[in-house]
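A.B. asks: Numbering (my numbering), first residue to last: 19 to 397.
Beta carbons: idealized from backbone N, C-alpha and C, even for Gly.
Okay, structure coming up:
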């Protein structure tokens, strides 16, 4: 963070929090957690399949072990049930193909929801009436993110297993300090996390942003995520022991974990946006997107551009201003200079969210399929 002293950094954090709140990050996280209900099983199936290609072992047991460390044993029981139900060996070829396509579509839908949330943070939106090619491009991008994220997690898992095996085989043989290999494992996990967040911030939002502008935000997000998962673990352990939800408590715990983890992710994304705007290259909408208009901001419950400009101006004074110095008013984040005087393009308030509709349909079909198989097994 060249040229960024402690005072400027804390002012940057303050502005990040202000804009994070203005963009209704808690609402975005709630929507993301709700969407996870429909996409959790497909995501687990896809990631298990990808990990199985990289690591020839019992992938499901390792995934369950890692998730137990993150979200606790009670919530992990639900994940274990999903994975065990997905491994049916008596399914026909047609059913297998349909299951794979449904899983890919469901997993891609989760990344589509994440892209929509990041677009809100970057204050851009896809251009209306782009046609079928734009939809194909978005689906391809979501599929690529699913495969890329799955591959990163599989590599991380493979490295962790290799380090654990090395620890057992060379225990006492090498003059290494206690816990050094475990620390190496944590460093590798942190590095994979940084790569994953950098890829998400660079690829998913409909903005033109350079790689050098996302690394700082990815590192900050990974640090917050690493610290936050311990706090979440303590909190969820308390909730699990005093849960009033009965049989549904496992699902509630997963939703709570995703909800708070998503808020950390969106805070890191907001920091990346603020940092990139002030200290990196100018961030502008991609050729397939436009900056959010005043109409769009009002619909999403965000403050007007004038209010945001005033808040940004106050932060600029903290960052660079001196008594009696003239400080220029900063351009609102996500709005390029050539779009300041634009005419607000009308959005379509009645437009159906096809991704949400598709996720509901696929979630319903998957639920009916699982229910029918359960009834068959009982018989």
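Can we say the stretch 274–288 touches the stretch 226–239, given the rule of at least three CB pairs closer than 8 Å?
C.D. replies: At 8 Å Cβ cutoff, the stretches touch.
A.B. asks: Let me check one thing: in DSSP terms, what residues is residue 144 bridge-paired to?
C.D. replies: For residue 144, which the question treats as bridged, DSSP gives the partners 307.
A.B. asks: Evaluate residue 37 with the Cβ neighbour count: other Cβ atoms within 10 Å of its Cβ, from every protein chain shown; 16 or more gives buried, anything less gives exposed.
C.D. replies: By the neighbour-count rule (16 or more Cβ atoms within 10 Å), residue 37 is buried.
A.B. asks: Cα-Cα, which of 231, 214, 139 and 246 is closest to residue 223?
C.D. replies: Considering only alpha carbons, the answer is 139.
A.B. asks: Which of the three DSSP states, helix, strand or coil, is assigned to residue 296?
C.D. replies: Helix.
A.B. asks: By alpha-carbon positions, which one of 41, 226, 116 and 211 ends up nearest to residue 302?
C.D. replies: Of the listed residues, the one whose Cα sits closest to residue 302 is 226.
A.B. asks: Using a Cβ-Cβ cut-off of 7 Å (strictly less than) and excluding sequence neighbours within five positions of residue 125, which residues of its own chain qualify?
C.D. replies: Contacts found: 57, 60, 61, 64 and 164.
A.B. asks: Please state the DSSP three-state secondary structure of residue 32.
C.D. replies: Correct three-state label for residue 32: helix.
A.B. asks: Between residue 201 and residue 80, what straight-line distance do the alpha-carbon atoms span, to the nearest angstrom?
C.D. replies: Using only the alpha carbons, I get a separation of about 19 Å.
A.B. asks: Spatial neighbours of residue 278 within its chain, please: CB distance less than 6 Å, with the 5 preceding and 5 following residues excluded, ordered by chain position.
C.D. replies: Hits under 6 Å: 250.
A.B. asks: Is DSSP giving residue 226 helix, strand or coil here?
C.D. replies: Three-state result, residue 226: strand.
A.B. asks: Would residue 215 pass as a contact of residue 132 if the rule is Cβ separation under 9 Å?
C.D. replies: No, Cβ-Cβ distance for residue 215 and residue 132 is not below 9 Å.
A.B. asks: Assuming residue 232 and residue 220 form a contact by the criterion Cβ under 8 Å, report the distance between their Cβ atoms to the nearest whole angstrom.
C.D. replies: With 8 Å as the limit, residue 232 and residue 220 qualify as a contact, their Cβ atoms being about 5 Å apart.
A.B. asks: Taking just the CA atoms, how far does residue 34 sit from residue 372?
C.D. replies: Residue confidence is low: residue 372 scores 48 on pLDDT, short of 50, so the model does not pin down where it sits. Its coordinate-derived value is still stated next. Between residue 372 and residue 34, the C-alpha separation is close to 31 Å.
A.B. asks: Taking C-alpha atoms, which residue in 234, 209 and 309 lies nearest to residue 27?
C.D. replies: Of the listed residues, the one whose Cα sits closest to residue 27 is 234.
A.B. asks: Just list the residues that DSSP pairs residue 302 with in beta bridges.
C.D. replies: Bridge partners of residue 302: 226.
A.B. asks: Have a look at residue 129 and residue 245 and give me their C-alpha separation to the nearest angstrom.
C.D. replies: About 24 Å.
A.B. asks: The alpha helix (DSSP H) with residue 213 in it runs from where to where?
C.D. replies: It spans 198–221 - the alpha helix (DSSP H) in which residue 213 sits, taken as one unbroken run.
A.B. asks: Classify residue 339 as helix, strand or coil using the three-state DSSP reduction.
C.D. replies: Reliability of the predicted coordinates at residue 339 is poor, the pLDDT of 49 falling under 50, and no value is obtained from them.
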